[in-house]
Structure formats: structure tokens, C-alpha cells
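Engineer:
And the structure:
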């Protein structure tokens, strides 16, 4: 699923590992999310939404869902 | 940062796994020694032979907890790899079953365990690559 995670992460100057720690996942999950190869669970999507203070649909592109 | 719950879960799992495996090795050697030293008969002999399974049984809730607490993508990869491993093992065991009927020697049930773990591990490597 396409998303703006990489851009949002860069805006906050966080490494993938830092973002992973902030939302309680493995760094591999951030890599897969940013590559658009993994669609997160609903709880994880909301954690990202809260962290970046943006609605889920502004982070993830629903049109690109598998 | 040490607060990542997946890291905490992994650390706890590694500690419990190490303890269980150490106990397994100790009990295995002890049970083997007892079986070689004393001519036990019947159910007592079977009970001693099964003793090394105690730490393995302890591992089941440990693995279940680690699985529930681990990272969600990791959980998906592990689930998918074991599903593939189970399917491939089913095919392999039925295939060999037919070959046995055709005359090949009987294989020990140990091979099923090896096949599940081996094929799941291969599937896991492939799935890890898919999500990179």
C-alpha cells in the first residue's frame, strides 16, 4: 500500500529504527511499510496516525490497496 | 530506546529458550545415562525416555506468548512460513508413504519434524525477502 511514511519520517528527522521504537514494531516492518509491500493492521495504522497527527488516509493511499 | 515491546518480548523469549534448551540437554544426558545404566522395564522405561520432553513442553506457552507479543509483520511471516511448511510436509510425507508401499525402506517419524522445520525455514527466508 502506497504511503507518505518516508516523507513524514524525514520531516521529523527520525531513522527507521527510531520510528519503529516509537510505535513498537520491528524495523523490518517500517522497511516493508515504506516500500509499500505491507499494509499495516488497523491498530498500527492508528498509532501512525496519532504519532504524525494526521488522519490515516493522509498517510496511506486507499486507492493503492491490493 | 528499550521500551519497544517487540524487543522486550524477544529478550524474554531468548532467555526462556536458553533455559529450556539447557534443561533439555541436561535431562537428555541424564535420561540416556539412566537407561544405559539400569535395565528399566515397561512404563518406567518409557517415562524416563520421555523426560527430556518436559522442557520442550514448557516451551509451548513460551513460544505462544512470544508469537502474540512479537511484531505484526514478523507474526504474519512466521504464520505463512509454517502454513507453507505444513503443506509441503504433507505432500512429502504422502509422497514417501506411497514410495514405502512401493518398496522403499520405512522412515522414522523424526523426519516429519525435520521436514516441517526445514521447509518452514526455507519459506521464511523467501518471505523475508518479499517484504524487504
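Protein chains in written order, with our numbering: chain A, 17 to 82; chain B, 659 to 790. We treat Cβ as the ideally placed atom computed from N, Cα and C, and that holds for glycine.
(1) Which word fits residue 854 of chain B, buried or exposed, when buried means at least 16 other C-beta atoms lie within 10 angstroms of its C-beta?
(2) Please go through the same chain and pick out, in chain order, the residues whose beta-carbon is closer than 8 Å to the beta-carbon of residue 720 of chain B, but skip the five residues on each side of it.
(3) Can you tell me the Cα-Cα spacing of residue 41 of chain A and residue 729 of chain B, whole angstroms?
(4) Closest Cβ-Cβ distance between residue 56 of chain A and chain B: below 9 Å?
(5) Does the beta carbon of residue 730 of chain B come closer than 9 Å to any beta carbon on chain A?
(6) Going by beta carbon distance, what residues of the same chain come within less than 8 Å of residue 777 of chain B, once the five residues before and after it are set aside?
(7) DSSP has residue 76 of chain A in a bridge; who is on the other side?
(8) Tell me whether residue 76 of chain A is buried or exposed, calling it buried when 16 or more other Cβ atoms sit within 10 Å of its Cβ.
(9) Tell me, to the nearest whole angstrom, how far the beta carbon of residue 635 of chain B is from that of residue 733 of chain B; I am working on the premise that it is less than 8 Å.
(10) For residue 674 of chain B, does the three-state DSSP call read helix, strand or coil?
Structural biologist: This is what the structure gives:
(1) Any question about residue 854 of chain B goes unanswered here, given that chain B covers just 659 to 790.
(2) The count along the second chain starts at 1 and reaches residue 720 of chain B at position 62. Only 671, 674, 675, 678 meet the Cβ criterion.
(3) Residue numbering aside, residue 41 of chain A sits at position 25 when the first chain is read from its first letter. Residue numbering aside, residue 729 of chain B sits at position 71 when the second chain is read from its first letter. Each residue's alpha carbon lies about 5 Å from the other.
(4) Position 40 of the first chain, counting from 1, holds the residue named residue 56 of chain A. Taking Cβ atoms only, chain B reaches closer than 9 Å to residue 56 of chain A, which makes this a yes.
(5) Your numbering for residue 730 of chain B matches position 72 in the second chain. In terms of beta-carbon proximity, residue 730 of chain B lines the interface with chain A, with at least one pair separated by less than 9 Å.
(6) Here residue 777 of chain B refers to the residue found at position 119 of the second chain. Closer than 8 Å at Cβ, skipping near neighbours: 742, 743, 746, 747, 750.
(7) Start at 1 with the first residue of the first chain, and residue 76 of chain A comes out as number 60. Beta-bridge analysis with DSSP links residue 76 of chain A to A:19.
(8) Here residue 76 of chain A refers to the residue found at position 60 when the first chain is read from its first residue. Residue 76 of chain A counts as buried, since no fewer than 16 other beta carbons sit within 10 angstroms of its beta carbon.
(9) Residue 635 of chain B is absent from the model: chain B starts at 659 and stops at 790.
(10) Taking the second chain and counting its residues from 1, the one referred to as residue 674 of chain B is at position 16. Collapsing the DSSP output to three states places residue 674 of chain B in a helix.
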